[in-house]
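Counting from 2, one number per residue, gives the positions in the sequence shown under the numbering used here.
The beta-carbon is built from N, C-alpha and C at its ideal position, and this holds for glycine as well.
Presented below is the structure to which this report refers.
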Amino acid sequence: MAKNLLVDTGFWYALYDVKDNYHEDAQILADLLDESNLIIPWPCLYETLNTRFVKRRDWFDGFFAYSGHTNTVRLSDEPYRDNALEKVFKSPAPWMSLSLVDWVIRLAIEDRNIKIDAMVTFNPDDFFDVCHSRRIELISS
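Here you go:
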């Protein structure tokens, strides 16, 4: 049975940018994408498909193939964004100073209505606690 993989923005850059520190790791992990159901949160789409990325046709075409595949779900941020914004503004501790995108992802991970088997990220420290509490595997290299 295919795993449901939540894929973070940094993975997409690492996969296509040969200068990225995690490029080799992303190349190895790319095999997982073909045999899994992908969950791409909308905020990750915004982060990934910025001007720099879309100007690189090879990057864009590769990402487009994954994002438009039948095994890919584009996860709406609507149920999470207001709460995430509040968490950014009222961060309880310096170690929880996360981006709005990361807060949306964390809240989606906490949502027990979303089946997530694993998360692909090169920032595992930002998600370790919520993934651990849901028994979601963190894949980072």
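Contacting residues, own chain, Cβ-Cβ under 8 Å from residue i (five flanking each side not counted)
i: isoleucine 110; result: Leu7, Ile117, Met120, Phe128, Val131, Cys132, Arg135, Ile137
i: tyrosine 81; result: Trp104, Val105, Leu108, Ala109, Asp112
Residues that residue i bridges to, as DSSP identifies them
i: proline 42; result: Leu76
Sequence-distant residues of the same chain with beta carbon closer than 7 Å to residue i, five excluded per side
i: lysine 88; result: Trp104
i: tryptophan 43; result: Arg75, Leu76, Ser77, Asp78
i: tryptophan 60; result: Tyr17, Phe54
i: proline 125; result: Leu139, Ser141
i: tyrosine 67; result: Leu34, Leu39, Thr73
For residue i, the first and last residue of its enclosing beta strand (DSSP E)
i: leucine 139; result: 138–140
Residue range of the unbroken alpha helix (DSSP H) whose run includes residue i
i: glycine 63; result: 58–68
Beta-carbon proximity list for residue i, same chain, < 6 Å, skipping 5 on both sides
i: histidine 1; result: In the structure as shown, the chain starts at 2 and stops at 142, and residue 1 therefore has no counterpart that could be examined.
Exercise for the section: Quick one: which unbroken beta strand (DSSP E) runs of 3-plus residues sit fully inside the region 3–54? Chain order, please. Expected result: Segments of the beta strand (DSSP E) lying fully in the region 3–54: 5–8, 38–42.
Exercise for the section: Any chance you could list the alpha helix (DSSP H) runs of at least 4 consecutive residues sitting entirely within the region 81–130, in chain order? Expected result: 82–90, 101–111
Exercise for the section: Report yes or no: do the region 50–60 and the region 69–80 share at least 3 C-beta pairs separated by less than 8 Å? Expected result: no
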